[in-house]
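Below you'll find the structure, written out as structure tokens, and then a few comments.
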Amino acid sequence: MKKVGFLIIGLLLLAAVVASGCIAGETETGPTSTGIGGPPEDRGQGSLEGGMGMPDISVLPYQELSEDEIDAILYMAEEEKLARDVYLTLFNETGIQVFDNIARSEQTHMDMVVELIEKYNLTNPVEGLGVGEFGSKEMQNLYDDLVSKGSAGDVEALKVGALVEEIDIKDLQEYLRRTDNEDVKAVFESLMSGSESHLRAFTGVLSNRYGVAYSPQVLSEEEYRAIVG
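Residue numbers for the sequence shown follow the working numbering, so the first one is 4 and each next one is one higher.
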């Protein structure tokens, strides 16, 4: 009887230890943490791509590109570099972690577009260019303007981040309407998902940390609300 009693006590102690470990695990990845080492307001960049992941265009058939599709691919290569470079620069100026997180995602976006460029033997318009350097005057001027606005303070920097994502979304909406190439659609849909996730992230930090309600600058109020909820 004593042996049975000791066995029961031992099992109860083991159950208590396991339960305490489970509780500790929940605490580490609960509402006070993202599970990726960032503060709560950075939730949304853990996957960085809004849940879609990177498409594997190597398994999709080779299809002839229209001139519109070629122009769209080359333009998005520059636009994704613009986003990455603006965020890297504003992270260095503000130290706000969300800029560093999303800059990493924008590098992934650039890599996806480069895959398209290489598959269809196009010329990469951003190859060999450093941070803040662009081959087109349009992108160079836009980069300079965005960085200037974002340098006014943390809130303005975050608004610039949201604006960049709005621009990306608007351009991708237009390009997706004008393409039937499976590769281009797969990549652009993934970029769109990422941009929507990033827009939610920037506006979330503005709201949660600074108490600022963001107003869309490019998208309609209806489009914006459909994305951020």
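Backbone N, C-alpha and C fix where the C-beta goes; we use that ideal spot for every residue, glycine too.
Roughly how many angstroms lie between the CA atoms of residue i and residue j, to the nearest whole one?
i, j, result
"A216", "G156", "16 Å"
"H201", "I105", "7 Å"
"K173", "P128", "21 Å"
"D59", "D114", "12 Å"
"V116", "F205", "23 Å"
"S154", "D74", "31 Å"
"V187", "D147", "29 Å"
"S193", "G214", "30 Å"
"E83", "T111", "9 Å"
"F102", "E70", "34 Å"
"R228", "N144", "29 Å"
"M57", "F191", "10 Å"
"E118", "G232", "32 Å"
"M79", "I120", "11 Å"
"T126", "F137", "14 Å"
"G207", "S218", "12 Å"
"G41", "F94", "Unreliable placement is indicated for G41, whose pLDDT of 32 sits below 50; the coordinate value is still reported in the next sentence. Cα to Cα, the separation comes out at about 14 Å."
"P43", "L222", "At P43, the pLDDT of 34 sits below 50, so the modelled position is not reliable and the matter cannot be decided from this model."
For residue i, which of helix, strand or coil comes out of DSSP?
i, result
"N124", "coil"
"Y217", "coil"
"D71", "helix"
"I99", "coil"
"E226", "helix"
"Q66", "coil"
"M57", "coil"
"G232", "coil"
Sort the options by Cα distance to residue i and report the nearest one.
i, options, result
"D171", "E159, L63, M142", "M142"
"L179", "M195, P58, G153, V116", "M195"
"T97", "K122, E70, D147, V163", "V163"
"E169", "V208, L93, D103, E224", "E224"
"E226", "S61, Q176, E118, E67", "Q176"
"R107", "G232, S198, L209, R228", "S198"
"L149", "F94, L119, V89, G131", "V89"
Could you check whether residue j and residue i sit closer than 8 Å to each other, using their CB atoms as the reference points?
i, j, result
"A86", "E109", "yes"
"E81", "S139", "yes"
"L166", "Q220", "yes"
"L77", "A189", "no"
"L161", "V134", "no"
"I230", "R212", "no"
"L209", "Y123", "no"
"Q66", "E159", "no"
Only counting runs of 4 or more residues, tell me where the alpha helix (DSSP H) segments fall wholly within the stretch 130 to 201, in order along the chain. 140 to 153, 157 to 180
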